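I have placed the structure first, in the form of structure tokens, so that the comments after it can refer back to it.
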Amino acid sequence: MIRRIVGASTLSLVACAPTLARGTGRSAVVPIEGESHHHVVFESPLVRVFDVRVAPGDTTLFHVHADPHAGVVISGSARWGQPLGQAGTVGAGDAVGTLLDNATSALPYTHRVANVNSVPFRYVMGQFLRYSGIVSAPLPDETGVKLERETSRGRVYRIRLLPGQATSMRRHAQPGLLIQIGNGNVVWSGDGSAARSSQSGAGAWWWREAGNAHSIRNASDAPVDLIEIDWK
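Here the sequence shown stands for residues 69 to 300, numbered as in this note's numbering.
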């Protein structure tokens with residue numbers, strides 16, 4: 069079910085992409101939560117959190133994106149992508165920290181992707197399953213925190229904390245997802261998160277319920293980047 073290309077260089081993998089592209093639409097199609105590279109790490113009525121990892125040479129199954137999502141690239145790589153029934157193309161991939169969302173895409177859509185590089189690619193994302201139903205204004209920007217994007221489903225803040233720096237105690241009326249982009253020690257203070265990843269560092273995530281107030285501090289000796297997504 070997983071097509072793996074073993075012992076090939078980046079150039080030879082890219083050269084293989086047209087061969088892969090000829091297999092248009094014959095492979096099994098699965099819902100995104102049933103695709104083996106899309107690991108469901110948390111689920112509630114509002115959200116499904118995915119930790120997506122594709123090793124060098126691996127190809128996902130065709131999978132269906134039926135819901136909006138928002139997330140961030142943790143590890144970037146050149147990728148080959150193929151919409152169902154169409155030819156595939158090779159792209160350079162997204163840089164670490166790139167915001168991923170399909171707010172402007174026509175849903176549902178079905179595709180598969182392959183890692184055509186020598187390094188893994190990984191991203192963490194939240195799938196919007198339902199609206200929270202809570203209406204609130206954006207929180208004000210402050211040092212280290214800036215509203216980056218707003219869609220009909222969510223509001224995304226970009227956070228960059230220097231060593232020892234912390235946000236103010238910010239209360240979010242809406243529930244939401246915090247994702248750490250790079251390595252470093254992030255300390256959460258205030259109301260407890262409803263759920264969190266078992267591991268720290270790059271790709272760590274926290275899910276919080278509505279009305280949560282918290283501060284985030286960088287306890288590392290290098291800058292730390294995160295995104296925080298409010299659920300409308």
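Glycine is no exception: its CB is placed at the ideal position from the N, C-alpha and C atoms. Since the structure is predicted, the reported quantities are computational estimates derived from the model, not experimental observations.
Does the Cβ-Cβ distance between residue i and residue j come in under 8 Å?
{"i": "residue 140", "j": "residue 247", "result": "yes"}
{"i": "residue 131", "j": "residue 190", "result": "no"}
{"i": "residue 222", "j": "residue 298", "result": "yes"}
{"i": "residue 219", "j": "residue 227", "result": "no"}
{"i": "residue 197", "j": "residue 276", "result": "no"}
{"i": "residue 125", "j": "residue 170", "result": "no"}
{"i": "residue 163", "j": "residue 144", "result": "yes"}
If you count every other CB in all the chains shown that lies within 10 Å of the CB of residue i, and 16 or more means buried, which is it?
{"i": "residue 175", "result": "exposed"}
{"i": "residue 240", "result": "buried"}
{"i": "residue 295", "result": "buried"}
{"i": "residue 177", "result": "exposed"}
{"i": "residue 194", "result": "buried"}
{"i": "residue 254", "result": "buried"}
{"i": "residue 173", "result": "exposed"}
{"i": "residue 122", "result": "buried"}
{"i": "residue 224", "result": "buried"}
{"i": "residue 138", "result": "buried"}
First and last residue of the beta strand (DSSP E) that includes residue i?
{"i": "residue 232", "result": "Neither: residue 232 is in no beta strand (DSSP E) and is coded neither H nor E."}
{"i": "residue 190", "result": "189-196"}
{"i": "residue 276", "result": "273-276"}
{"i": "residue 214", "result": "213-218"}
{"i": "residue 242", "result": "First-last for residue 242: undefined, no H or E at that position."}
{"i": "residue 286", "result": "280-286"}
{"i": "residue 296", "result": "292-299"}
{"i": "residue 258", "result": "254-258"}
Residues in its own chain within less than 7 Å of residue i by CB, not counting five upstream and five downstream?
{"i": "residue 199", "result": "300"}
{"i": "residue 160", "result": "146"}
{"i": "residue 100", "result": "106, 131, 132, 133"}
{"i": "residue 114", "result": "197, 198, 200, 243, 299"}
{"i": "residue 110", "result": "117, 263, 275"}
Only counting the same chain, and skipping five residues up and downstream in sequence, which positions put a Cβ closer than 8 Å to that of residue i?
{"i": "residue 209", "result": "215"}
{"i": "residue 231", "result": "286, 288, 289, 290, 291"}
Taking 6 Å as the limit between beta carbons, can you name the residues of its chain near residue i, skipping five residues before and five after?
{"i": "residue 207", "result": "238"}
{"i": "residue 257", "result": "283"}
{"i": "residue 229", "result": "212, 286, 292"}
{"i": "residue 103", "result": "128, 129, 131"}
{"i": "residue 251", "result": "269, 270"}
Cβ of residue i versus every heavy atom of the ligand SAM: is any distance shorter than 7 Å?
{"i": "residue 228", "result": "Of the ligands one can find in the structure shown there are none, so the ligand SAM has no counterpart to examine."}
- [ ] Output the residue ranges of the beta strand (DSSP E) runs that lie fully inside the stretch 99-176 and measure 3 residues or longer, sorted by chain position.
- [x] Within the stretch 99-176, the runs of beta strand (DSSP E) at least 3 residues long that lie entirely inside it are, in chain order, 106-111, 115-122, 130-133, 137-143, 147-151, 157-159, 167-169.
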